[in-house]
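S.K.: Quick one: structure below, then a few questions.
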Amino acid sequence: MIDRETVLHIAQLARLGLSDEEVELFRQQLSSILEHMAILREADVSGVSPLAHASRLTNVMREDEPGPSYPPEVLLANAPDQEEQCLKVNAVLEES
Amino acid sequence: MSALHELTLSEAATLLRQRQISSVELTRAFLERIEALDRRLRAFTLVTADLALQQAQEADQRLQRGEQVTPLTGIPLAIKDVICTKDIPTTCSSRMLEHFRPPFNATVMERLQAAGAVMLGKTNMDEFAMGSSTEHSAFFPTHNPWDLERTPGGSSGGSAAAVAAGMAPGALGSDTGGSIRQPAALCNVVGLKPTYGRVSRFGLVAFASSLDQIGPFARTARDAALLLQAIAGPDPRDSTCSATPVPDYTAELTGEIRGLRIGVPVEYWEAPGMDPGVARVGQEAVNRLRELGAEIREVSLPHTRYGVAAYYIIAPAEASANLARYDGVKYGYSYRDTSDMWEALDKTRQYGFGPEVKRRIMLGTYVLSAGYYDAYYKQAQKVRALIAQDFERAFEQCDVLVSPSSPTVAFKLGEKLSDPYQMYLNDVFTIPANLAGICGISIPSGFSEGLPVGLQILGNAFAEATILRVADAFQRVTDYHTQRPAL
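Written out as structure tokens, the structure is:
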């Protein structure tokens, strides 16, 4: 079972704001979903290596050829806020 | 000649090449069909009528000159709104990307444009392709053309409904755990999930990068083959895209499957939750394949029962990492009413994402967090290896595997929304192919309670030609795929 504190901790790790209703909903739903996941413990995985992907490739190489890049105004066209061809963000460091 | 919107892609291509119809006429017919029906079906998030007619004119010029004509030249298509289209909104049916216009085209869009195809518009989906009913679209649900009170399946429900309703002769979707095959089954169309690495993912908005593949919807296996032909093949911008040669898929459609070894995986057919009507239709389809001379044999995929659990750990884990990019800084929705960096980040994601996306970010973050990583994520990856091994063994004895694509027919809108795990169980037959990276196709195979039932044909890695051959052979002797919903 997942408790309220765990939900809040996970939400903070994911940087996901949640309403009080969502905290309670996800507490119930994640608990229920994870109960179904318990079936995985029944699988005999002794000696089995984890499979991270199903592509049958290793070390794909290609020539590193220079090509045209995007002009800044194109890349900034979707930016919520910008200034002097830079993305504008809230202050990261506080003034002491 | 039947009404233009009733033509299959291949039929339309022939008429275009013979100059019996123009691409502008054909495109207009589909735009009119969309205009007439989509108020009720809601398959499209955006109809690009002006662009479509402009592309159709260019295609007509190509056809007139007889230069660079491909089977897709002048063919109108619908595109799932998870595929980036340059300067055209690509929303993933999410508030987060509602106003996002990509500065580039996905590789598949470049290839369709080079082939001379026409884009009708972008289709609705579960937000960020997370869901099995298209009800998790942030904008509106899509309705199943066979019964407007039911879902079309998902997440590519818009593309499936568009083809089923004759609003497009073909479409692209994406399949991470069944998001092409399940809606294809529920809407009575063909849907193909290629082998992982067969089609470039460049420009496909990422959900779960080790599972995602783009693939076609169409009315016939032949049409799906033509679409796959156009989009398959290596791409320097996607290092997971394989250099394995792309065969001539339509050349393999011989109608001949005598002696082909078709495996019937017992665990799929005996799965809990299998609707008896669906199983009966599936069994009749297997009998039909036997009559065509295929050799039917039972096989076992013993780790099938772990598939859903493994998938719903791995896919959310990858999603939680992929969706970390939505921070309200570079593009997308951004919460502005604060000068606090952390609050802006939290609220951007709180208001930008819908409930299913949040649920999966939470689940994925949980299974990757300290203390739970080994018990959940690593265990799921080991089970994934076992599921892949199941298929390796099965394909030593069989050329393809068949089962129903989904355990039930289309369900009612709202029916499974309150219980996420019930929704996840829709994917029980489709998930294993994504985990193993193999290919699969769903084709119309009959009806139960008046609703479509799809037959899933799974093939080994890069065996698309084989599953298409079986699908095509089946369609030569059946007419399920020609049946249309009454709209």
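As they're listed, the protein sequences go chains A and B. With the numbering used here, the residue at position 22 of the first sequence is 22, and numbering never jumps. Quick note, the numbering used here runs 1000 ahead of the 1-based positions in the second sequence. Cβ coordinates follow ideal geometry from the N, Cα and C atoms, glycine included. Predicted model, so just to flag it, every value in this text is computed and none were measured.
Here's a check: name, in chain order, each residue in its chain whose Cβ is nearer than 7 Å to the Cβ of G1293 of chain B, leaving out the five neighbours to either side.
M.R.: The residues are I1257, R1258 and G1259.
S.K.: Taking DSSP's pairing of strands, which residues face K1382 of chain B in a bridge?
M.R.: For K1382 of chain B, which the question treats as bridged, DSSP gives no partner whatsoever.
S.K.: Any residues in the region 27-39 of chain A with a beta carbon nearer than 7 Å to a beta carbon of chain B? Which ones, in chain order?
M.R.: Listed by position along the chain: Q29, L30, S32, I33, H36, M37 and I39.
S.K.: Spatial neighbours of I1387 of chain B within its chain, please: CB distance less than 8 Å, with the 5 preceding and 5 following residues excluded, ordered by chain position.
M.R.: If we look at I1387 of chain B and ignore the five residues flanking it on each side, its Cβ neighbours are L1301, H1303, T1304, Y1306, G1307, A1310, P1432, L1435 and A1436.
S.K.: Would you tell me roughly how many angstroms separate the C-alpha atoms of L1345 of chain B and G1328 of chain B, rounded to the nearest one?
M.R.: Each residue's Cα considered, the two are about 7 Å apart.
S.K.: For L1015 of chain B, collect the residues of the same chain with a Cβ closer than 6 Å to its Cβ; drop the 5 residues on either side in sequence, then sort them by chain order.
M.R.: Excluding sequence neighbours, L1015 of chain B sits near I1021.
S.K.: List the residues of chain B that S69 of chain A touches, going by C-beta distances under 7 Å, in chain order.
M.R.: In chain order: nothing, as chain B lies at least about 11 Å away.
S.K.: Straight-line CA distance for P1152 of chain B to A11 of chain A?
M.R.: Answer to the nearest angstrom: the Cα atoms are 32 Å apart.
S.K.: At a CB-CB cut-off below 8 Å, which residues of chain A make contact with Q1381 of chain B?
M.R.: Correct list: P50, L51 and A52.
S.K.: Going by C-alpha to C-alpha distance, which of B:R1181, B:R1017 and B:D1087 sits closest to L1051 of chain B?
M.R.: Per the Cα distances, B:D1087.
S.K.: Across which residues does DSSP place A38 of chain A in a beta bridge pair?
M.R.: DSSP, once it has assigned bridges, lists no residue as partnering A38 of chain A.
S.K.: Determine contact between the region 1377-1396 of chain B and the region 1309-1324 of chain B, defined as no fewer than three beta-carbon pairs at a distance below 8 Å.
M.R.: Short answer: they touch.
S.K.: Taking Q1350 of chain B as the query, report the chain A residues whose CB atoms sit under 7 Å from its CB, ordered along the chain.
M.R.: Within 7 Å Cβ-Cβ: L16, G17 and L18.
S.K.: Counting contacts by CB-CB distance shorter than 7 Å, is L93 of chain A in contact with chain B?
M.R.: Chain B, which has no Cβ nearer than 7 Å to the Cβ of L93 of chain A, makes this no.
S.K.: So what does DSSP say about R1297 of chain B, is it helix, strand or coil?
M.R.: Three-state DSSP puts R1297 of chain B in a strand.
S.K.: Quick one, which residues of the region 1418-1430 of chain B are near chain A if we go by CB-CB under 7 Å, in chain order?
M.R.: Answer in chain order: P1420 and Y1421.
S.K.: Apart from the five residues on each side of it in sequence, which residues of its chain come closer than 8 Å, Cβ to Cβ, to D1060 of chain B?
M.R.: So the list reads S1022, S1023, V1024 and G1074, once near-sequence residues are dropped.
S.K.: In the region 1222-1242 of chain B, which residues sit with their C-beta less than 8 Å from some C-beta in chain A, listed in chain order?
M.R.: Listed in sequence order: P1236, S1239, T1240 and S1242.
S.K.: Below 8 Å CB to CB, which residues in the same chain sit around G1277 of chain B once its five sequence neighbours on both sides are set aside?
M.R.: Only V1409, S1448, E1449 and V1453 meet the Cβ criterion.
S.K.: In three-state terms, what does DSSP make of K1358 of chain B?
M.R.: In the structure shown, K1358 of chain B sits in a helix (DSSP, three-state: H, G or I).
S.K.: Using three-state DSSP, classify T1085 of chain B as helix, strand or coil.
M.R.: Residue state, collapsed to three classes: strand.
S.K.: Thinking E1291 of chain B and R1261 of chain B are a contact (beta carbons under 8 Å), I'd like their distance in whole angstroms, please.
M.R.: Actually they are not in contact, since the Cβ atoms of E1291 of chain B and R1261 of chain B sit about 16 Å apart, beyond 8 Å.
S.K.: Any C-beta of chain A within less than 9 Å: which residues of the region 1328-1350 of chain B qualify?
M.R.: Residues passing the 9 Å Cβ filter: G1328, V1329, K1330, Y1331, G1332, Y1333, S1334, Y1335, R1336, T1338, S1339, D1340, M1341, W1342, E1343, A1344, L1345, D1346, K1347, T1348, R1349 and Q1350.
S.K.: Excluding the 5 residues preceding and the 5 following V1357 of chain B in the sequence, name in chain order all residues of the same chain whose CB lies nearer than 6 Å to its CB.
M.R.: Answer for V1357 of chain B: E1127, F1128 and M1130, listed in chain order.
S.K.: Quick one: measure Cβ to Cβ for Q1456 of chain B and G1440 of chain B, integer angstroms, because I've assumed they're closer than 8 Å.
M.R.: 6 Å between Cβ atoms; contact.
S.K.: Let me check one thing: in DSSP terms, what residues is D1235 of chain B bridge-paired to?
M.R.: Answer by DSSP bridge pairing, in chain order: B:D1238.
S.K.: If I measure Cβ to Cβ from G1121 of chain B and keep anything under 7 Å in the same chain, skipping five residues before and after, which residues do I get?
M.R.: Within the same chain, G1121 of chain B has close Cβ partners F1044, L1046, V1047, T1048 and A1078.
S.K.: Whole-angstrom Cβ separation of D1235 of chain B and F1202 of chain B, contact assumed at under 8 Å?
M.R.: The pair is a contact, with the Cβ atoms about 6 Å apart (cut-off 8 Å).
S.K.: I'd like the span of the beta strand (DSSP E) that includes Q1350 of chain B, first residue to last.
M.R.: Element bounds for Q1350 of chain B: not the beta strand (DSSP E) but the alpha helix (DSSP H), M1341 to G1352.
S.K.: Does the Cβ-Cβ distance between M1119 of chain B and K1080 of chain B come in under 7 Å?
M.R.: No. Outside cutoff.
S.K.: Do you know whose CA, among B:Y1424, B:V1163 and B:E1135, lies nearest R1150 of chain B's CA?
M.R.: Ranking B:Y1424, B:V1163 and B:E1135 by Cα distance to R1150 of chain B puts B:E1135 first.
S.K.: Should F1391 of chain B go down as buried or exposed, given a rule of 16 or more other Cβ atoms within 10 Å for buried?
M.R.: Buried, because 16 or more other Cβ atoms sit within 10 Å of the Cβ of F1391 of chain B.
S.K.: On the DSSP letters alone, give me the boundaries of the alpha helix (DSSP H) that Y1119 of chain B sits inside.
M.R.: Before going further, note that residue 1119 of chain B is Met rather than Tyr in the sequence given. Unbroken run through M1119 of chain B is the beta strand (DSSP E), V1118 to T1123; no alpha helix (DSSP H).
S.K.: What are the uninterrupted segments assigned as alpha helix (DSSP H) that are 4 or more residues long and contained completely in the region 1375-1432 of chain B, given in chain order?
M.R.: As far as the region 1375-1432 of chain B is concerned, its whole alpha helix (DSSP H) runs of at least 4 residues are 1379-1397 and 1420-1424.
S.K.: Indicate whether A1161 of chain B and T1142 of chain B have their beta-carbon atoms separated by less than 7 Å.
M.R.: Closer than 7 Å, so yes.
S.K.: Along the chain, where does the alpha helix (DSSP H) containing T1014 of chain B start, and where does it finish?
M.R.: Note, T1014 of chain B: alpha helix (DSSP H), L1009 to R1017.
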